[in-house]
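*Asks:* Mind the numbering: the sequence shown is residues 50 to 138 in this note's numbering, read in order.
We put the CB at the ideal spot given by N, CA and C, even for glycine.
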Amino acid sequence: AQMGYTVQCLTHMIEHGVGAIEPSPEVTDTYVARADAAHAKMVFAHPGMSNWYKNRAGRVVALSPWRLVDYWAMTRTVELTDFVTEPRA
Numbered sequence: 050a051q052m053g054y055t056v057q058c059l060t061h062m063i064e065h066g067v068g069a070i071e072p073s074p075e076v077t078d079t080y081v082a083r084a085d086a087a088h089a090k091m092v093f094a095h096p097g098m099s100n101w102y103k104n105r106a107g108r109v110v111a112l113s114p115w116r117l118v119d120y121w122a123m124t125r126t127v128e129l130t131d132f133v134t135e136p137r138a
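#1: Going by the beta-carbon positions, is the gap between P74 and D131 smaller than 8 Å?
#2: Okay, do the segment 83-92 and the segment 104-117 touch, 3+ Cβ pairs below 8 Å being the bar?
#3: May I ask which residues mark the beginning and end of the alpha helix (DSSP H) holding P134?
#4: In chain order, what residues of the same chain have a beta carbon less than 8 Å from the beta carbon of T126, not counting five sequence neighbours either side?
#5: My output table needs one value for A69: the three-state DSSP class, helix, strand or coil.
#6: If you follow the alpha helix (DSSP H) that A84 is in, where does it begin and where does it stop?
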């Protein structure tokens with residue numbers, strides 16, 4: 050899923066003379082909020098749990114909260130409006 054998404058991004062960049070892309074701050078904030086909300090419902094995020102899924106701040110970062118089929122659907126098609134782009138030099 051990740052490679053397919055990356056290839057779509059690279060193909061767009063080549064075809065449209067884009068030199069760099071990055072997710073917009075709004076899209077990033079929305080993704081992080083969704084992931085954190087989904088993680089909050091899982092045992093891995095319970096305050097009493099100590100595991101390698103959490104970083105030092107206690108935030109789950111090493112595990113996707115979504116089923117594979119849902120993640121695949123999320124990454125199936127690139128929404129180019131989700132990115133800030135720079136032209137190729």
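*Replies:* Taking the coordinates as given:
#1: Numbered from its first residue, the sequence shown carries residue 74 at position 25. Numbered from its first residue, the sequence shown carries residue 131 at position 82. Cβ atoms of P74 and D131: not closer than 8 Å.
#2: Touching, yes.
#3: Numbered from its first residue, the sequence shown carries residue 134 at position 85. The residue you asked about is not Pro; residue 134 is Thr in the sequence shown. Run containing T134: none in the alpha helix (DSSP H); it sits in the beta strand (DSSP E), 132-136.
#4: As a working mapping, residue 126 is identified with position 77 in the sequence shown. If we look at T126 and ignore the five residues flanking it on each side, its Cβ neighbours are Q57.
#5: By one-based count along the sequence shown, residue 69 stands at place 20. Of the three classes helix, strand and coil, the one that applies to A69 here is strand, per DSSP.
#6: The residue labelled residue 84 in the question sits at position 35 within the sequence shown. 74-88 is the span of the alpha helix (DSSP H), which, as asked, contains A84.
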